[in-house]
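Colleague: First the structure, which I've put down as structure tokens, then a few questions once you've had a look.
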Amino acid sequence: MLFSVQDLHVSYGSIRAVHGVSFEVDEGEIVTLIGANGAGKSTILNTIAGLQRPDQGEIIYRGANLARMDAHNVVKQGVALVPEGRRIFGNLTVYENLRLAGFQVSRDDLEARIKLVYSYFPRLEERRDQLGDTLSGGEQQMLAVGRALVTGGRLMLLDEPSMGLAPILVQHIFEILAEINRQGTTILLVEQNAHMALKLANRGYVLETGSVMLSGPSKELAESPEVQRAYLGG
Ligand SMILES: Nc1ncnc2c1ncn2[C@@H]1O[C@H](COP(=O)(O)OP(=O)(O)OP(=O)(O)O)[C@@H](O)[C@H]1O
Ligand SMILES: [Mg+2]
Numbered sequence: 024m025l026f027s028v029q030d031l032h033v034s035y036g037s038i039r040a041v042h043g044v045s046f047e048v049d050e051g052e053i054v055t056l057i058g059a060n061g062a063g064k065s066t067i068l069n070t071i072a073g074l075q076r077p078d079q080g081e082i083i084y085r086g087a088n089l090a091r092m093d094a095h096n097v098v099k100q101g102v103a104l105v106p107e108g109r110r111i112f113g114n115l116t117v118y119e120n121l122r123l124a125g126f127q128v129s130r131d132d133l134e135a136r137i138k139l140v141y142s143y144f145p146r147l148e149e150r151r152d153q154l155g156d157t158l159s160g161g162e163q164q165m166l167a168v169g170r171a172l173v174t175g176g177r178l179m180l181l182d183e184p185s186m187g188l189a190p191i192l193v194q195h196i197f198e199i200l201a202e203i204n205r206q207g208t209t210i211l212l213v214e215q216n217a218h219m220a221l222k223l224a225n226r227g228y229v230l231e232t233g234s235v236m237l238s239g240p241s242k243e244l245a246e247s248p249e250v251q252r253a254y255l256g257g
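Read in the numbering used here, the sequence shown has 227 at position 204, and its numbers run on one by one without any break.
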């Protein structure tokens, strides 16, 4: 088992956002967590990434417990978050954003990884000197994924990469994610777009108000009446 979350509880003051969530990700898999607004998806990813403290639970990656580890140490362990809403630096260029993401990476590795990012997203190389703010939504999402790639993480956490993008762009980004996965990066994908997420992922977990309601191979989930009714408009 590459990665597992066991009995995770997270709250914001008196608001209990995540209560007792457990799931696993094997090396090389794409696993998705799907759920509606407020289900706790971002809270789970942010907690894994060290941006939020859990009340209880374990987050095990390659045998190390990430729960309560600082965010920069989580990155060092090889876990990279692509946050909800991209969170790129609007007043820095594409290239500067990528360099900054690799602040813990040696100079030689950094340039090699930026080249790798440009190979996945040639558009970013064309726009290397353009300010983050002036990129289109799709380009900003590419840059957010690029920033995670630069860290060299082997487990990528993606928080709603499809948000706000036209279907054709979602398609494009998801194709690149599939390629990134084929090249050896394990992916944990959080999505409201259950249709696309279940197409890309090997397995999935359905979250409702902070708990896992259902899990299984993507194909089974996509065919389940509950998922069809609640998430696939069926
Ligand atoms: N900073 C915060 N302070 C208080 N409550 C919060 C905070 N962030 C999230 N919550 C609450 O925690 C619960 C889970 O929120 P979370 O953002 O994890 O959901 P989500 O599944 O990512 O939703 P979405 O699909 O809208 O992004 C919600 O009830 C939300 O209101
Ligand atoms: Mg969210």
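We put the beta carbon where it would ideally sit given N, CA and C, even for glycine. Here the structure is a predicted model, which means the values were calculated and not measured.
Evaluate Asn88 with the Cβ neighbour count: other Cβ atoms within 10 Å of its Cβ, from every protein chain shown; 16 or more gives buried, anything less gives exposed.
Modeller: Mapped onto the sequence shown, residue 88 falls at position 65. Exposed, because fewer than 16 other Cβ atoms sit within 10 Å of the Cβ of Asn88.
Colleague: Measuring CA to CA, which of Gly187, Pro248, Tyr254 and Leu192 is closest to His218?
Modeller: Taking the first residue of the sequence shown as 1, we reach residue 218 at position 195. The shortest Cα separation from His218 among Gly187, Pro248, Tyr254 and Leu192 belongs to Tyr254.
Colleague: Can you tell me whether Asn88 is helix, strand or coil according to DSSP?
Modeller: As a first step, residue 88 is located in the sequence shown; it is residue number 65 there, counting from the start. Strand at Asn88.
Colleague: Helix, strand or coil: how does DSSP classify Val128 here?
Modeller: Here residue 128 refers to the residue found at position 105 of the sequence shown. It is coil, neither helix nor strand.
Colleague: Between which two residues does the beta strand (DSSP E) containing Ala103 stretch?
Modeller: Counted from its first residue, the sequence shown places residue 103 at position 80. Element bounds for Ala103: Val102 to Val105.
Colleague: Out of Gly51, Met24 and Leu56, which has the shortest C-alpha to C-alpha gap to Leu237?
Modeller: Numbered from its first residue, the sequence shown carries residue 237 at position 214. The shortest Cα separation from Leu237 among Gly51, Met24 and Leu56 belongs to Leu56.
Colleague: Do Ser234 and ligand 2 come close, with the Cβ less than 7 Å from some heavy atom?
Modeller: Stepping through the sequence shown from its first residue, residue 234 is reached at position 211. No.
Colleague: Is Glu107 a contact residue of ligand 1, with contact defined as CB to any heavy atom under 7 Å?
Modeller: One-based indexing of the sequence shown puts residue 107 at position 84. Yes - ligand 1 has a heavy atom lying nearer than 7 Å to the Cβ of Glu107.
Colleague: Could you work out which residue in Ile71, Ala62, Ile191 and His95 is closest to Tyr126 when comparing CA atoms only?
Modeller: By one-based count along the sequence shown, residue 126 stands at place 103. Checking the sequence shown, residue 126 turns out to be Phe, not Tyr. Selected option, being the one with the closest Cα: His95.
Colleague: Between the segment 152-172 and the segment 111-118, do three or more beta carbon pairs fall short of 8 Å?
Modeller: Contact holds: three or more Cβ-Cβ distances are below 8 Å.
Colleague: Smallest Cα separation from Gly161: which of Ala103, His195, Thr70 and Asp30?
Modeller: Taking the sequence shown and counting its residues from 1, the one referred to as residue 161 is at position 138. Closest option to Gly161, Cα to Cα, is His195.
Colleague: In the DSSP assignment, what are the bridge partners of Pro240?
Modeller: On the sequence shown, position 217 is the one that residue 240 refers to. DSSP, once it has assigned bridges, lists Arg226 as partnering Pro240.
Colleague: May I ask you to check if the CB of Ser45 is nearer than 7 Å to at least one heavy atom of ligand 2?
Modeller: In the sequence shown, residue 45 corresponds to position 22, counting from 1. No, ligand 2 has no heavy atom inside 7 Å of this Cβ.
Colleague: Compare the beta carbon distance of Glu52 and Thr208 with 8 Å and say whether it is the shorter of the two.
Modeller: Numbered from its first residue, the sequence shown carries residue 52 at position 29. Numbered from its first residue, the sequence shown carries residue 208 at position 185. No.
Colleague: Please classify Asn60: is it buried, with 16 or more other beta-carbons within 10 angstroms of its beta-carbon, or exposed?
Modeller: Mapped onto the sequence shown, residue 60 falls at position 37. So Asn60 ends up on the exposed side.
Colleague: Please confirm if the segment 29-41 is in contact with the segment 74-91, defined as three or more CB-CB distances below 8 Å between the two stretches.
Modeller: Contact between the segment 29-41 and the segment 74-91 is present, because at least three Cβ pairs lie under 8 Å.
Colleague: Have a look at the DSSP bridge pairing and note the partners of Gln251.
Modeller: Counting from 1 along the sequence shown, the entry for residue 251 is found at position 228. Partner(s): none; Gln251 has no beta bridge.
Colleague: Please tell me whether Ala224 and Leu212 are closer than 8 Å, where the distance is taken between their beta carbons.
Modeller: Translated into the one-based positions of the sequence shown, residue 224 becomes position 201. Translated into the one-based positions of the sequence shown, residue 212 becomes position 189. Yes, the pair counts as a contact, with Cβ atoms nearer than the cut-off.
Colleague: Any contact between the segment 167-174 and the segment 123-139? By contact I mean 3 or more CB pairs, one from each, below 8 Å.
Modeller: Judged by Cβ distances under 8 Å, the segment 167-174 makes contact with the segment 123-139, as three or more pairs qualify.
Colleague: For ligand 1, any of its heavy atoms closer than 7 Å to the Cβ of Asn216?
Modeller: Here residue 216 refers to the residue found at position 193 of the sequence shown. Checking every heavy atom of ligand 1 against the Cβ of Asn216, none is found closer than 7 Å.
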